[in-house]
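Each protein sequence line maps, in turn, to chains G and X. Residues -5 to 271, numbered by our numbering, are exactly what the first sequence covers, in order. Residues 2 to 249, numbered by our numbering, are exactly what the second sequence covers, in order. Worksheet: the structure to be examined is printed underneath.
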Amino acid sequence: MIEVTGLTKQYGNITALDNVSFRVGRGSVFGLLGPNGAGKTTTIKVLTTLSKPDGGRALIAGHDVVKDPIAVKRLMGVMPQENNLDLDLTAYENLLIYSMLHGVPDPQTKIPSCLHLVDLWERRAELVTRFSGGMQRRLLIARSLLTEPSVLFFDEPSIGLDPQIRRQVWDIIRKTRIDGRTVVITTHYIEEAEALCDRVGILDKGSLIALDTPDNLKATVGEYIVEFVNDEGKLIQQMCKDREEANSLVLCKDCEVKIRKSNLEDVFIKLTGERIE
Amino acid sequence: MMGVAWYPIFLREMLLFRRKLLRISYLFSAMLLPIIYLLTFGLGLGRMVQIKGADYLSYLIPGLVAMSSMMNSYTWVANALNLNRLYFKNFQVFIQAPIRPSAIMVGEVLAGMVKGLFASGLILIVGFVTASHMSITPLFVLTLLLNCFLFASLGVITGMLTKSYEDTATYNNFFILPMAFFSGTFFPVDRIPEPLQAVVWVFPLTHTNFLIRQNSINSPALLSLVVLFLYALTFFVIGSRLIRDYSE
């Protein structure tokens, strides 16, 4: 469904994307994970026709995002990182304008259905400026679904939300996985990538440094992590391939030790030596 | 759908404009500057002045109409586009919609025209009450529409080029404000020293001010009309291209 080959983007002297390539199959949920400034949003901007790449190629359902942008726009729904709703319009008016822009055939049916999905139907006549951050994120999801897109892009869908609201947003995103729809999510939240994605690409400083299923990626660092604070007060994390290895490591330590399952951040640490911030 | 692809952009602006109109502060700010000019130049200084045998107010009101149409068409579009593009990021919603760049341009320009015409209408109402001679000819209406179109298109260009909100004020101070004062709004252009007149006739507002005070089309009027058409066309094409080439 999505085919990205050698994508490159420069901003002055800064390389935002450096020869990034990946494929996303129809009906799958693909995550781009990485710290701020890794190139996740730039990738989404190129794929959603907001930004023109300096090199490489990106195809969505066979349509080139640079050469045939209108065809690409007809296929996609976008939930941007910023809340780019019109704050001085009501929730309903926001969706109405969007549906007209995209030529949605039956907005009178579609808009209520999308607002019900995100539980905002009762608030449809209120100005968006009165909505909380979580409500605005939900309205953005509703807006992205109006056109019944084949490909959905969620750029940091739960950024800035408290854990409870974040889980509500995840539930809504899970509901969008219907009818073979392809979903691309960017996130710097480890749990979000693990909870939602079939495959994850890890980006760092504009380069794609790993690409696989979350389980396969975690398998590269081992199943368990043993954590303890050393004599110098520094947190040490040791990767163990199984529980037995972790237990034997614990027996050797005479300080407080914690054993936990590995996660995608451990993969990132192994690859870059740094944490995802 | 593609034939009216500009309509949602226009409708959005009108919905936002309607909400602004309900706030008294908006109406007050839209009227404030022309009223100040009217009071100081028209009713104050103007009592001692006659231009071409007529009272000064009858000369001033069409100029204020032209100036208000320019200011409002231009400023609203330039400011809104700048803010929507750089801060609120909702301009990106238009870019990501399956419509042509020219549809975005048409929607923005028509919305700017409505705002310019609205402000001009307010001045006209004042004019009919205060001036001894006021007439609206077809040429007056055509000129006003062209002026709004032209400056709304210029507003799109500024809104697309500026890199910060402060930039908009800079463009305003260097181009729009001098045009407002030297293009025949407050006094005839022939009172300006001759070498400067050539510069002043480059300003589109000078042609608007000239045309808006004509009763019928003669050769100089036709030339000014052509100049305004060319400006309008050029600004529209440039604005559309800037939207087409938009890339973050």
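Glycine is no exception: its CB is placed at the ideal position from the N, C-alpha and C atoms. Values in this document were obtained by computation on a predicted structure and should not be read as measured data.
Flag tyrosine 27 (chain X) as yes if its beta-carbon sits less than 8 angstroms from any beta-carbon of chain G, otherwise no.
-> no
If you scan the stretch 98 to 166 of chain G from start to end, which runs of the alpha helix (DSSP H) of 4 or more residues do you find wholly inside it?
-> For the stretch 98 to 166 of chain G, whole alpha helix (DSSP H) runs of length 4 or above, ordered along the chain, are 101 to 111, 127 to 139.
Taking the continuous alpha helix (DSSP H) assigned at threonine 2 (chain G), which residues delimit it?
-> Threonine 2 (chain G) -> not in any alpha helix (DSSP H); beta strand (DSSP E) instead, spanning -4 to 5.
Chain-order list of residues whose beta-carbon lies under 6 angstroms from that of leucine 95 (chain G) (same chain, five-residue window excluded) = none
Which residues, in order along the stretch 42 to 71 of chain G, keep a beta-carbon less than 7 angstroms from a beta-carbon of chain X?
-> Thr42, Thr43, Leu44, Ser45, Lys46, Ile64, Lys67, Arg68
Could you please give the first and the last residue of the uninterrupted alpha helix (DSSP H) stretch that includes glutamine 231 (chain G)?
-> Not the alpha helix (DSSP H): glutamine 231 (chain G) falls in the beta strand (DSSP E), residues 229 to 234.
Could you please give me the residues that DSSP links to histidine 57 (chain G) through a beta bridge?
-> G:Ile54, per the DSSP bridge assignment.
If serine 184 (chain X) sits next to threonine 207 (chain X), beta carbons under 8 angstroms apart, how far is it from one beta carbon to the other, in whole angstroms?
-> 4 angstroms
Does the distance from the CB of glutamine 232 (chain G) to the CB of valine 223 (chain G) come in under 8 angstroms?
-> no
Answer with buried or exposed for serine 107 (chain G), where buried requires no fewer than 16 other C-beta atoms within 10 angstroms of its C-beta.
-> exposed
Enclosing alpha helix (DSSP H) for valine 69 (chain X) [first to last residue] | In the sequence as displayed, the identity of residue 69 (chain X) is serine instead of valine. Segment 57 to 87, the alpha helix (DSSP H) holding serine 69 (chain X).
Cβ pair count under 8 angstroms reaching 3, the stretch 79 to 88 of chain X against the stretch 185 to 196 of chain X | no
Min CB distance histidine 96 (chain G) to chain X below 8 angstroms | yes
C-alpha distance - methionine 2 (chain X) paired with glutamate 14 (chain X), whole-angstrom precision | Reliability fails at methionine 2 (chain X), whose pLDDT of 44 lies under 50, so the model's placement of it is uncertain and no value is given.
Tyrosine 247 (chain X), DSSP secondary structure in three states | Looking at tyrosine 247 (chain X) - three-state DSSP - the assignment turns out to be coil, as it is neither helix nor strand.
Measuring only between beta-carbons, confirm whether phenylalanine 182 (chain X) sits less than 8 angstroms from chain G.
-> No, because no Cβ of chain G sits closer than 8 angstroms to the Cβ of phenylalanine 182 (chain X).
Beta-carbon contacts of isoleucine 203 (chain G) that lie in its chain and below 6 angstroms, excluding the five residues immediately before and after = For isoleucine 203 (chain G), where only same-chain residues beyond five positions count, the Cβ hits under 6 angstroms are Ile196, Leu265.
What do you get for glycine 25 (chain G), buried or exposed, if any count of 16 or more other CB atoms within 10 angstroms of its CB means buried?
-> Classification of glycine 25 (chain G): buried, given that the 10 Å Cβ count is 16 or more.
6 angstroms Cβ shell around phenylalanine 152 (chain X) - same chain, five flanking residues per side excluded | Met71, Ser74, Tyr75
Are asparagine 173 (chain X) and glycine 64 (chain X) close, meaning C-beta to C-beta below 8 angstroms?
-> Not closer than 8 angstroms, so no.
Does the Cβ of leucine 229 (chain G) have 16 or more other Cβ atoms within 10 Å, making it buried, or fewer, making it exposed?
-> So leucine 229 (chain G) counts as exposed.
Express the C-alpha separation of threonine 207 (chain G) and cysteine 191 (chain G) in angstroms, rounding to a whole number.
-> Approximately 8 angstroms between the Cα atoms of the pair.
Assigned secondary structure, methionine 3 (chain X) (DSSP; H/G/I helix, E/B strand, else coil) | Confidence in methionine 3 (chain X) is poor, its pLDDT being 45 and thus under 50, which makes the residue's placement unreliable; the coordinate value appears in the next sentence. Methionine 3 (chain X): helix per DSSP, three-state reduction.
For chain X, find out if any of its Cβ atoms is closer than 8 angstroms to the Cβ of lysine 34 (chain G); answer yes or no.
-> no
Please confirm whether isoleucine 10 (chain X) and phenylalanine 95 (chain X) have their CB atoms less than 8 angstroms apart.
-> yes
Using a Cβ-Cβ cut-off of 8 angstroms, state whether methionine 2 (chain X) counts as contacting chain G.
-> Low per-residue confidence applies at methionine 2 (chain X): pLDDT is 44, beneath 50, and the placement is therefore not dependable, though the value from the model is reported in the following sentence. Answer yes: the Cβ-Cβ gap between methionine 2 (chain X) and chain G drops below 8 angstroms somewhere.
Excluding five sequence neighbours on each side, which residues of the same chain lie with their C-beta closer than 8 angstroms to the C-beta of tyrosine 88 (chain X)?
-> Tyr166
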